[in-house]
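A.B. asks:
Residue numbers (the working numbering), protein chains in the order written: chain A, -12 to 266; chain B, 19 to 318.
(1) Strictly below 7 Å CB to CB, what residues from chain B border residue 271(A)?
(2) Please name the residue, chosen from 241(A), 68(A), 108(A), 217(A), that lies closest to residue 225(A) on a Cα-to-Cα basis.
(3) What residues from chain B crowd round residue 14(A), counting only those whose CB sits closer than 8 Å?
(4) With a threshold of 16 other CB atoms inside 10 Å of the CB of residue 64(B), please say whether the residue is buried or exposed.
(5) What are the boundary residues of the alpha helix (DSSP H) that includes residue 174(B)?
(6) Look up residue 82(B) in the DSSP assignment and say whether it is helix, strand or coil.
(7) When you compare the CB positions of residue 240(B) and residue 107(A), do they come within less than 8 Å of one another, or not?
(8) Of all the alpha helix (DSSP H) runs that stay within the bounds of the region 239 to 275 of chain B, which reach a length of 4 or more residues?
(9) Look at the alpha carbon of residue 74(B) and the alpha carbon of residue 83(B), and state the distance between them as a whole number of angstroms.
(10) Starting from residue 194(B), trace the alpha helix (DSSP H) in both directions and tell me its first and last residue.
(11) Cβ closer than 7 Å: which chain A residues qualify as neighbours of residue 30(B)?
(12) Given that residue 250(B) touches chain A, what residues does it touch there, using C-beta distances under 9 Å?
(13) Can you find at least 3 beta carbon pairs, one from the region 202 to 218 of chain A and one from the region 101 to 115 of chain A, that sit closer than 8 Å?
(14) If you follow the alpha helix (DSSP H) that residue 122(A) is in, where does it begin and where does it stop?
(15) I'd like the list of long-range same chain contacts for residue 190(B), defined as Cβ closer than 7 Å, with 5 residues on each side in sequence excluded.
(16) Please report the residue range of the alpha helix (DSSP H) in which residue 31(B) lies.
(17) Where DSSP assigns a beta bridge to residue 13(B), which residues make up the other side?
(18) Hey, is residue 254(A)'s beta-carbon within less than 8 Å of any beta-carbon in chain B?
(19) Skipping 5 residues on each side, what residues in its chain have a beta carbon closer than 6 Å to that of residue 151(A)?
(20) Between which two residues does the alpha helix (DSSP H) carrying residue 146(A) extend?
(21) At the level of alpha carbons, what is the spacing between residue 290(B) and residue 284(B)?
(22) Whose Cβ in chain B lies nearer than 8 Å to the Cβ of residue 40(A)?
(23) Can you give the Cα-Cα distance for residue 160(A) and residue 196(A), rounded to whole angstroms?
(24) Work out the CA separation of residue 114(B) and residue 79(A) for me, nearest whole Å.
(25) For a contact defined as C-beta to C-beta under 7 Å, what are the partners of residue 174(A) on chain B?
(26) Step through the CB atoms of chain B and report whether any lies within less than 8 Å of the CB of residue 188(A).
(27) Taking Cβ-Cβ distances shorter than 8 Å, what residues in chain B pair up with residue 75(A)?
(28) For the pair the region 110 to 130 of chain B and the region 204 to 212 of chain B, tell me if three or more CB-CB distances fall below 8 Å.
(29) Quick one: does residue 226(B) have its CB under 8 Å from some CB of chain A?
(30) Counting only runs that start and end within the region 81 to 158 of chain B, where is the alpha helix (DSSP H) found for 4 or more residues in a row?
(31) In the region 298 to 310 of chain B, which residues sit with their C-beta less than 8 Å from some C-beta in chain A, listed in chain order?
(32) Counting C-beta neighbours from all protein chains within 10 Å, is the total for residue 68(A) 16 or more, i.e. buried, or is it exposed?
(33) Could you check whether the Cβ of residue 56(A) sits closer than 8 Å to any Cβ belonging to chain B?
(34) Pull up the distance between the alpha-carbon of residue 275(B) and that of residue 220(B), whole angstroms please.
(35) Considering only the beta carbon of each residue, do residue 298(B) and residue 268(B) sit closer than 8 Å?
(36) Between the Cα of residue 189(A) and the Cα atoms of 207(A), 204(A), 162(A), 122(A), which residue gives the shortest distance?
In structure tokens, the structure reads:
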């Protein structure tokens, strides 16, 4: 689309929508310096202990639950991103460039999770795992300590399942204009399949794969509903932890946590942008 | 043997799709099948599932209970649908001008403007709702600001009673899903050839007519994709209503969640979940048949 002179009304509307998007973020950050523990009214900037205005940030780092939840969230996000990116990219290659028995069915199956409400998928996985684990535990007569339960494993597996379709979608979009002759040329020059894939195909689809991985990572970090139904003891993630807090009293620690979260993400995105422009 | 494998592209394709299909069968098909089976079951006194075949759970959802007609669950279904329609409409009305503004900005500025849309998404879903609690509650940011403004003019001020309420839930839903509408609409607007505008102008279409006859139809794929990305999560979520609605606003999502975790009646929860799925699929299918499948989903 061409850039034309913008109408002032359009610019004003755009500004108001941006304001709507950012007002909560600003409130979150400002209240992370609140002197009030109950965090309902802003009672001035906290100045307590050696950390001064950053009191709640220091409290946060002393909070073992937060540290454990952060660790779990990252483990889940990294593992599910790696696995779903590999499987999702393979599926994208298959759907875009090969013909095989059951192609249409696979295509539909991969669209299905995108149009399924998350809660339906979460409930389904919960029902399945509790039934299967129940049967195994009774069949093997496992002692209470050895019984299979919901936990990190079930969360990771579920995140892999809901990320794959999104990775496939993004990678397929990238493969759309792929020139098959480039691979044929490589093969004609004596490269075998593996070398061709590594030296020709992969570099060409790498941006798509990377975008897919980023999407999978974001989806996993942000997920609440599916995690809520598939988590178990010792597998609390940050969203689950914050949700638990919301039912009791929420101290400005949560605000400090979200402020750090935004800063970390901005830094990561900034670095990746810098790498991309440097190329 | 190896040579034959290399030439057999059908087999290669099948092998590439196999892992994804394995995951889909074990974590989508199997769970859904089991949910359907559970929904025909009953529960015993301890909340365990007894696998039988009864339609009782579905009848109860439709309003036919042992003690007569009760439309409690029908009203929950309708309320969820209505809220999803309201949210999607408001989100389109807010997203379109912004997407249009970004698409018409100078090229070097567009990426930054889009980036600004994404930043709020990087806080957390739950934290974003909590931010709205801080803004909307009785002594919250909005009321203190309005009170301050009223004080300046010595006007009487009655604090707004927005939290918890259905309005708060609507605001929260709109906020959560706005970026998922902006991105696909932007993607489809950005693809429009500038020549088309010139052609429309050459044919004496005014700005308004050009917008309605050229821009809007060509951005339909983006609107369709954005609607799917908004409507489906809104209709299935229970978190926004749980936090911003107090316990007053009960949606299908809340119903399902409570049957599983509080009421310990998995068969009834499973039936509600299946109704939700069928409702979503029917609407999505109708919508995509009517307006075409939004390829722009990938952009969101």
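Positions of the beta carbon are idealized from the N, C-alpha and C atoms, including for glycine. Treat the numbers as computed from the prediction; the structure is a model and nothing was measured.
C.D. replies: Per the coordinate set shown:
(1) Outside the modelled stretch of chain A, which goes from -12 to 266, sits residue 271(A), for which no answer is possible.
(2) By 1-based counting over the first chain, the position of residue 225(A) is 238. For residue 225(A), the nearest C-alpha among the options comes from 241(A).
(3) As a first step, residue 14(A) must be located in the first chain, where it is residue number 27. Per Cβ cutoff of 8 Å: 149, 152, 153, 159.
(4) Locating residue 64(B) in the second chain gives position 46, where the first residue counts as 1. The residue is exposed, with fewer than 16 neighbouring Cβ atoms inside 10 Å.
(5) Numbered from 1 along the second chain, position 156 holds the residue referred to as residue 174(B). From DSSP, residue 174(B) is part of no alpha helix (DSSP H); its letter is neither H nor E.
(6) Position 64 of the second chain, counted from the start, is the residue given in the question as residue 82(B). Residue 82(B): strand per DSSP, three-state reduction.
(7) By 1-based counting over the second chain, the position of residue 240(B) is 222. By 1-based counting over the first chain, the position of residue 107(A) is 120. No; because the gap between Cβ atoms is not below 8 Å, this pair is not in contact.
(8) 257 to 262
(9) Stepping through the second chain from its first residue, residue 74(B) is reached at position 56. Stepping through the second chain from its first residue, residue 83(B) is reached at position 65. Spanning the two alpha carbons is a distance of roughly 8 Å.
(10) Counting from one through the second chain, the residue named residue 194(B) turns up at place 176. Its alpha helix (DSSP H) spans residues 184 to 208.
(11) Working through the second chain from its first residue, we reach residue 30(B) at position 12. Against chain A, a Cβ distance below 7 Å from residue 30(B) picks out 85.
(12) The residue given as residue 250(B) occupies position 232 in the second chain. Neighbours of residue 250(B) on chain A, chain order: 101, 102, 103, 104, 105.
(13) yes
(14) Looking up residue 122(A) in the first chain gives position 135. It spans 105 to 126 - the alpha helix (DSSP H) in which residue 122(A) sits, taken as one unbroken run.
(15) Residue numbering aside, residue 190(B) sits at position 172 when the second chain is read from its first letter. 147, 150, 258, 262, listed in sequence order.
(16) For this step, residue 31(B) is matched to residue 13 along the second chain. Note, residue 31(B): alpha helix (DSSP H), 27 to 42.
(17) Here chain B has residues from 19 to 318 only, and residue 13(B) is not among them.
(18) Taking the first residue of the first chain as 1, we reach residue 254(A) at position 267. It does not: the Cβ of residue 254(A) has no partner Cβ on chain B nearer than 8 Å.
(19) Translated into the one-based positions of the first chain, residue 151(A) becomes position 164. Cβ within range, chain order: 71, 74, 75.
(20) Stepping through the first chain from its first residue, residue 146(A) is reached at position 159. In the DSSP assignment, residue 146(A) falls within the unbroken alpha helix (DSSP H) covering 139 to 162.
(21) As a working mapping, residue 290(B) is identified with position 272 in the second chain. As a working mapping, residue 284(B) is identified with position 266 in the second chain. So the two alpha carbons sit approximately 10 Å from each other.
(22) Along the first chain, one-based indexing puts residue 40(A) at 53. Simply none; closest approach about 19 Å.
(23) Here residue 160(A) refers to the residue found at position 173 when the first chain is read from its first residue. Here residue 196(A) refers to the residue found at position 209 when the first chain is read from its first residue. Taking the straight line joining both Cα atoms gives about 10 Å.
(24) The residue given as residue 79(A) occupies position 92 in the first chain. The residue given as residue 114(B) occupies position 96 in the second chain. Straight-line Cα distance between these residues: approximately 31 Å.
(25) Counting from 1 along the first chain, the entry for residue 174(A) is found at position 187. In chain order: nothing, as chain B lies at least about 10 Å away.
(26) Residue mapping note: residue 188(A) aligns to position 201 of the first chain, counting from 1. No - not a single Cβ of chain B is within 8 Å of the one on residue 188(A).
(27) Reading the first chain from its first residue, position 88 is the one you call residue 75(A). 38, listed in chain order.
(28) Yes: at least three Cβ pairs fall under 8 Å.
(29) Residue 226(B) sits at position 208 when you count from the first residue of the second chain. Not closer than 8 Å to any Cβ of chain A, the Cβ of residue 226(B) fails to qualify, so no.
(30) Listed in chain order, the alpha helix (DSSP H) runs fully inside the region 81 to 158 of chain B are 90 to 121, 125 to 136, 143 to 154, counting runs of at least 4 residues.
(31) 298, 299, 302
(32) For the purposes of this step, residue 68(A) is identified with residue 81 of the first chain, where counting begins at 1. Buried: at least 16 other Cβ atoms inside 10 Å.
(33) Taking the first residue of the first chain as 1, we reach residue 56(A) at position 69. Not one chain B Cβ lies under 8 Å of residue 56(A).
(34) Position 257 of the second chain, counting from 1, holds the residue named residue 275(B). Position 202 of the second chain, counting from 1, holds the residue named residue 220(B). For residue 275(B) and residue 220(B), the distance between alpha carbons rounds to 58 Å.
(35) In the second chain, the residue the question calls residue 298(B) occupies position 280. In the second chain, the residue the question calls residue 268(B) occupies position 250. Not in contact: residue 298(B) and residue 268(B) (Cβ atoms no closer than 8 Å).
(36) As a working mapping, residue 189(A) is identified with position 202 in the first chain. It is 162(A).
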